[in-house]
Amino acid sequence: MGERNQYFPWITLDDVVGGFYHALWTDDLEGPVNLTAPTPVTMEAYTQTLADVLHRPAFLDVPSSLVRTVGGEMADQMILASARAVPERLQETGYDFGYGTLENGLRHVLGRTAVED
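Laid out in structure tokens, this is it:
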């Protein structure tokens, strides 16, 4: 969607739950925590990885102008904005992500065979 070079934070539900649990039970973890996978990807990489996991072509391109027309003001902030967030606090305090790569995260969510992380 859009320019496709914007960063797109992702995380599996398993790691959201695990991250919350880790934050609750780790005494030296205080303040804000980014609940996102440790490997930020661009929208283009996300689209291509999803297509690869599904064994489908990635050919649908949605121009920014169409996203803005449909999404209004929120499109720029919610869909087209780039957010290269990393879970620095979780990593510093030893959280072990179950799905650290986008491919394995998508394979897990979609019920596909995982590859070696």
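Going by our numbering, the sequence shown runs without a break in its numbering and finishes at 219. Every residue, glycine too, gets a C-beta built ideally from N, C-alpha and C. Note that the structure is a prediction, hence the values are computed from the model and not measured.
Cβ distance (whole Å) where residue i is taken to contact residue j below 8 angstroms
{"i": "G202", "j": "P140", "result": "5 angstroms"}
{"i": "N107", "j": "P189", "result": "That pair is no contact at about 22 angstroms."}
{"i": "A185", "j": "Y109", "result": "6 angstroms"}
Coarse secondary structure for residue i, derived from DSSP in three states
{"i": "V143", "result": "strand"}
{"i": "R214", "result": "coil"}
{"i": "R158", "result": "coil"}
{"i": "E132", "result": "coil"}
{"i": "D208", "result": "The sequence as given places Leu at residue 208; Asp does not occur at that position. It is helical."}
{"i": "L137", "result": "coil"}
{"i": "G104", "result": "With a pLDDT of 48 at G104, under the threshold of 50, the modelled position of this residue cannot be trusted, and the question is left open."}
{"i": "R191", "result": "helix"}
{"i": "A185", "result": "coil"}
{"i": "F122", "result": "helix"}
{"i": "T149", "result": "helix"}
{"i": "D198", "result": "coil"}
Backbone CA spacing between residue i and residue j [nearest angstrom]
{"i": "G207", "j": "E132", "result": "27 angstroms"}
{"i": "H210", "j": "G120", "result": "15 angstroms"}
{"i": "Y115", "j": "L212", "result": "The question names Tyr, yet the displayed sequence has Leu at residue 115. Between L115 and L212, the C-alpha separation is close to 12 angstroms."}
{"i": "G104", "j": "D129", "result": "A caution first: G104 carries a pLDDT of 48, below 50, which makes its placement in the model unreliable, though a value can still be read off. Their Cα atoms are separated by approximately 41 angstroms."}
{"i": "T149", "j": "P111", "result": "13 angstroms"}
{"i": "A153", "j": "A147", "result": "10 angstroms"}
{"i": "P134", "j": "T215", "result": "34 angstroms"}
{"i": "V155", "j": "E205", "result": "7 angstroms"}
Per DSSP, the bridge partner or partners of residue i
{"i": "Y109", "result": "T144"}
Residue i CB to nearest heavy atom of the ligand FAD below 8 angstroms
{"i": "T149", "result": "In the structure on display, the ligand FAD does not appear, and there are no ligands present to speak of."}
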